[in-house]
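Residue numbers (mature numbering (1 follows the signal peptide of the UniProt record, and there is no 0)): -26 to -1, 1 to 619. Virtual Cβ for every residue (Gly too), placed ideally from N, Cα, C. Quick notes on the structure that follows.
Structure below.
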């Protein structure tokens, strides 16, 4: 036994000595390498500084009145503009390094009994984060849209545009780096507070520019102000509204009275909304046994979120694993996360929403119309000059905010509801999977606001949109309301309700903006609050976890012999483990040191590359990137993994 132990010690010592010798040689860095590496860093910093100085030369004209931003014509528009509209860039910070792009449309009063002074302002936001609100304008509910049905591209009027509610509707690209909004300092917001500060600054600038439409003589809003949006806008909007309300107590500039928000398929509370098993089971995408297993993963996801792990891989994969197997593992297709009625290729990036690339071609790369002419018409040329090439979704704002993807805004929702000052409508296309109706309803049931019990037991009604009366359609959705909170499930719709059922969506907004009633036919089923949190809710944090291996008191005397046998087996196992643990320790050390060798050798190769590059720069001189190619500056690549537009 002594000889074996001595042999083990000798072998271990020899291996460690050899590895230490080789690693010392592999990671050796000369003083010259350090100097060259520092020089390379200085060169990179200088290049970045030169680029930012070029960006700061971008001049954004300050509009003296709203008509400076009046849109007079648009490329591909064959007829006169269907409605008065204004578009352009306004500052989002006092430093002049951030600008938001907006596009405002006047209301259509031709088929309405509403008088112009009673028409509200509706602010539309898309999600992402980092996805442009031009999706909403061009693809969902704006007055204009691109069309190629006749063979050539042209702009036509949308029949069910939301400005016909009627309402002033403004579409805003935010945060900076999204759509045509840009920053010359590359200071992208990294949390909700920074997003809200930028947005609030812009909103006041917007209202002051268009004061003739929105402010009275005392700089107070003279008409109702509503928000609407979808997907990640369900995170933006409650946070923004709560922030605006808190600022009003000390506001000496513009006083904004908020009236409410209509949030579609919103991403509000990831704690309950990451869960996908229940809705997938309802669509028969999985079976009961599979749901039981997925429920356990959802519990682990919730545990991660409780501990502040907002980028949990388990949470990200809850829906994706279901989708990948939705048509079987051998299929090249899967069910779309945005609409359970449609399929998409597993091996290609998602092409959603339909038509978003056409908008990119029109506003961004000139494939549909001359980009400079388009941007000049909407007063957004400075965006291009600053390096902000339009794409539907961009990476810089997404990357800056993705660290809080699993963080919800329920506290802001509760603050808004308890204030009793604003009305909130959450509406959901029932075919959506990523922001599904089951998760949205569950988060609303769990909201700890002052009328939670009354809301939970509130009556539920079928709703039939007024425009459906002449159609062979019995129901448009189901509504539940109590005081200032309403939840509407919209039938025949996926992630983008205005895209799928535009007539129903317009009827919905007419009713909501003017405080009408959705109740068409109440259901008489009995109602009661849930007695427990259910299978996917978190375990009691203060309760001791049950131990299935702990015997009861009545069985202690009958298990003595079994316990003795078990202890003997454990002693044998422990002896074996102790005797061979040195092998595991040596193996772990070898693996660790081997990885360290590879890392340091890679660093050495990178340093060698820097030396070569520095030599070439000193030989040939420093060369800037072409100033007329801004597409390389803003990192505009469409990412579809976890972004929800």
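Member of the options whose CA lies at the smallest distance from the CA of residue i
{"i": "residue 255", "options": "314, 336 and 198", "result": "314"}
{"i": "residue 458", "options": "146, 389, 76 and 37", "result": "389"}
{"i": "residue 322", "options": "308, 332 and 329", "result": "308"}
{"i": "residue 462", "options": "441, 399 and 447", "result": "399"}
{"i": "residue 48", "options": "477, 148, 410 and 352", "result": "352"}
{"i": "residue 366", "options": "73, 151, 134 and 89", "result": "151"}
{"i": "residue 277", "options": "302, 249, 266 and 263", "result": "249"}
{"i": "residue 329", "options": "75, 127 and 71", "result": "127"}
{"i": "residue 450", "options": "408, 495 and 427", "result": "495"}
{"i": "residue 456", "options": "159, 385, 427 and 53", "result": "427"}
{"i": "residue 193", "options": "265, 157 and 222", "result": "222"}
{"i": "residue 74", "options": "497, 176, 295 and 240", "result": "176"}
{"i": "residue 257", "options": "410, 207, 345 and 383", "result": "410"}
{"i": "residue 121", "options": "335, 493, 137 and 423", "result": "335"}
{"i": "residue 66", "options": "34, 199, 292 and 109", "result": "34"}
{"i": "residue 408", "options": "301, 356, 386 and 295", "result": "295"}
{"i": "residue 110", "options": "207, 69 and 425", "result": "207"}
{"i": "residue 397", "options": "483, 355, 354 and 433", "result": "483"}
Counterpart residues of residue i in DSSP-defined beta bridges
{"i": "residue 131", "result": "118"}
{"i": "residue 76", "result": "62 and 146"}
{"i": "residue 237", "result": "203 and 400"}
{"i": "residue 229", "result": "194"}
{"i": "residue 307", "result": "319"}
{"i": "residue 454", "result": "434 and 461"}
{"i": "residue 98", "result": "145 and 202"}
{"i": "residue 289", "result": "Per DSSP, none; premise fails for residue 289."}
{"i": "residue 44", "result": "60"}
The ligand SAH heavy atom lying under 7 Å from the CB of residue i
{"i": "residue 424", "result": "Ligands in the displayed structure: none, and consequently the ligand SAH is not present."}
Close Cβ partners of residue i (< 7 Å) along its chain, the five nearest in sequence each way excluded
{"i": "residue 473", "result": "113, 114 and 327"}
{"i": "residue 475", "result": "464, 466 and 467"}
{"i": "residue 135", "result": "115, 116 and 117"}
{"i": "residue 211", "result": "99, 201, 203, 235 and 237"}
{"i": "residue 4", "result": "Residue confidence for residue 4 is low, a pLDDT of 32 falling below 50, so the modelled location carries little weight; the figure read from the coordinates is stated next. Excluding residues within five positions, none has a Cβ falling inside 7 Å."}
{"i": "residue 37", "result": "43, 62 and 183"}
{"i": "residue 406", "result": "239, 312, 313, 468 and 469"}
Sequence-distant residues of the same chain with beta carbon closer than 8 Å to residue i, five excluded per side
{"i": "residue 184", "result": "40, 60 and 78"}
{"i": "residue 431", "result": "501, 502 and 503"}
{"i": "residue 377", "result": "164, 284 and 285"}
{"i": "residue 125", "result": "none"}
{"i": "residue 71", "result": "30, 157, 158, 159 and 161"}
{"i": "residue 358", "result": "345, 346, 349 and 604"}
{"i": "residue 274", "result": "288"}
Per-residue burial, residue i [other beta carbons within 10 Å of its own, 16 or more giving buried]
{"i": "residue 197", "result": "buried"}
{"i": "residue 271", "result": "buried"}
{"i": "residue 58", "result": "exposed"}
{"i": "residue 191", "result": "exposed"}
{"i": "residue 362", "result": "buried"}
{"i": "residue 178", "result": "buried"}
{"i": "residue 499", "result": "exposed"}
{"i": "residue 228", "result": "buried"}
{"i": "residue 287", "result": "exposed"}
{"i": "residue 497", "result": "exposed"}
Residues of its chain near residue i, where Cβ-Cβ distance is below 6 Å and the 5 sequence neighbours each way are ignored
{"i": "residue 252", "result": "412"}
{"i": "residue 104", "result": "152, 367, 368, 371 and 372"}
{"i": "residue 246", "result": "413, 416 and 417"}
{"i": "residue 282", "result": "none"}
For residue j and residue i, the rounded distance between their alpha carbons
{"i": "residue 486", "j": "residue 139", "result": "10 Å"}
{"i": "residue 76", "j": "residue 181", "result": "12 Å"}
{"i": "residue 374", "j": "residue 149", "result": "10 Å"}
{"i": "residue 491", "j": "residue 32", "result": "50 Å"}
{"i": "residue 93", "j": "residue 188", "result": "10 Å"}
{"i": "residue 394", "j": "residue 332", "result": "42 Å"}
{"i": "residue 347", "j": "residue 262", "result": "57 Å"}
{"i": "residue 392", "j": "residue 64", "result": "33 Å"}
{"i": "residue 226", "j": "residue 403", "result": "41 Å"}
{"i": "residue 171", "j": "residue 146", "result": "15 Å"}
{"i": "residue 232", "j": "residue 143", "result": "15 Å"}
{"i": "residue 439", "j": "residue 421", "result": "28 Å"}
{"i": "residue 102", "j": "residue 86", "result": "34 Å"}
{"i": "residue 317", "j": "residue 340", "result": "30 Å"}
{"i": "residue 155", "j": "residue 360", "result": "10 Å"}
{"i": "residue 364", "j": "residue 215", "result": "27 Å"}
{"i": "residue 219", "j": "residue 384", "result": "16 Å"}
{"i": "residue 479", "j": "residue 441", "result": "10 Å"}
{"i": "residue 386", "j": "residue 51", "result": "42 Å"}
Contact with chain C by residue i, beta-carbon distance below 8 Å
{"i": "residue 356", "result": "Looking at the structure shown, chain C is missing, and only one protein chain is on hand."}
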